[in-house]
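Notes follow the structure.
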Amino acid sequence: MTMKRICILIGGLCLLAFAVMPVQAFTVKSLTMILAPNGDAQVDIHYDLTLFEEGAIFFRIADPAAELKKAFDANSKNPVTVTQATGSSARVIIPSFASVSTNGDETTMVTPSVSFERAQKVLDQYWFAPLISPDFSPDITTIIFPDGYRTSFNNILIIPSVPHQLVMN
């Protein structure tokens, strides 16, 4: 065999391997919601992107900050602010995320349920959807209340509403 044929054979095998390999896309590693006493939330998201997705961001084909803003704006009464977005993380400020009620000396905060099912439906509309398999359920979701109380969820697509009576010192 000549060197040219060997290169073509190796190249063909590589293409075949890439064609049959499942492509993992956007994967949420962690999502942390830090609540302020007034109910505002700072949401920190850490994720992995494929090389293809990183290239799309580099060439400005995709803009994670704009997409995150759209996603959170759709579920918020007030406009959200994306303060940071990189190839591996984002920070979003959501005004009035949790409801706050006071009865005498007791203050209760309730976070709304948050679903990532819509993100999957939006992605399914793109031409490349059959080629990727994104994971929108964070490996770990942590909600931190102003009094330091925290609760966590593992690998769930719909984060339930969480009520908590604040214990202020």
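Numbering follows the working numbering, in which position 9 of the sequence shown is assigned residue number 89; successive positions increment by one, without gaps. Where is the CB? At the ideal position from N, CA and C, for every residue including glycine. Given the structure is predicted, the values throughout are model-derived calculations rather than measurements.
Ile238 burial status per 10 Å Cβ neighbour count (16 or more: buried): For the purposes of this step, residue 238 is taken as residue 158 along the sequence shown, with counting starting at 1. Looking at its Cβ environment, which holds fewer than 16 other Cβ atoms inside 10 Å, Ile238 is exposed.
Between the CA atoms of Leu115 and Ser176 - distance to the nearest angstrom: Translated into positions along the sequence shown, residue 176 becomes position 96. Translated into positions along the sequence shown, residue 115 becomes position 35. Whole-angstrom Cα-Cα distance: 10 Å.
Run of the beta strand (DSSP E) containing Ala121, from where it starts to where it stops: Walking along the sequence shown from the start, residue 121 turns up at place 41. Start and end: 121-128.
Status (buried if at least 16 other CB within 10 Å, exposed otherwise) for Pro22: No statement about residue 22 is possible, as the shown extent of the chain runs from 81 to 249 and does not include it.
Buried or exposed by the 16-neighbour rule on C-beta atoms within 10 Å, applied to Ser217: What you label residue 217 is simply residue 137 of the sequence shown in a count that begins at 1. Buried is the call here.
Thr166, buried or exposed, once every other Cβ within 10 Å from all chains shown has been counted against 16: Taking the sequence shown and counting its residues from 1, one reaches residue 166 at position 86. Exposed is the call here.
Alpha-carbon to alpha-carbon, Ser168 and Met248: Within the sequence shown, numbered from 1, the residue matching residue 248 stands at position 168. Within the sequence shown, numbered from 1, the residue matching residue 168 stands at position 88. Cα to Cα, Met248 sits roughly 35 Å from Ser168.
C-beta contact flag for Ala178 and Ala121 at 8 Å: Working through the sequence shown from its first residue, we reach residue 178 at position 98. Working through the sequence shown from its first residue, we reach residue 121 at position 41. Yes. Within cutoff.
Nearest to Ile224 (by Cα), restricted to the options Thr191, Asp215, Thr161: Looking up residue 224 in the sequence shown gives position 144. Minimum Cα distance to Ile224 is reached at Thr191.
Straight-line Cα distance separating Val123 from Val242: On the sequence shown, position 162 is the one that residue 242 refers to. On the sequence shown, position 43 is the one that residue 123 refers to. Looking at the two C-alpha atoms, the distance is approximately 15 Å.
Reference Val184; option with closest CA among Gly119, Lys109, Leu111, Leu246: In the sequence shown, counting from the first residue as 1, residue 184 sits at position 104. Per the sequence shown, the amino acid found at residue 184 is Gly instead of Val. Considering only alpha carbons, the answer is Leu246.
Rounded straight-line distance, which links the Cα of Asn158 to that of Thr221: Mapped onto the sequence shown, residue 221 falls at position 141. Mapped onto the sequence shown, residue 158 falls at position 78. About 23 Å.
Whether Thr107 touches Asp215 by CB criterion (8 Å): Here residue 107 corresponds to residue number 27 of the sequence shown, with the count starting at 1. Here residue 215 corresponds to residue number 135 of the sequence shown, with the count starting at 1. The answer is yes: Cβ separation under 8 Å.
Residue(s) in a DSSP beta bridge with Pro243: Residue mapping note: residue 243 aligns to position 163 of the sequence shown, counting from 1. Pro243 is bridged to Val190.
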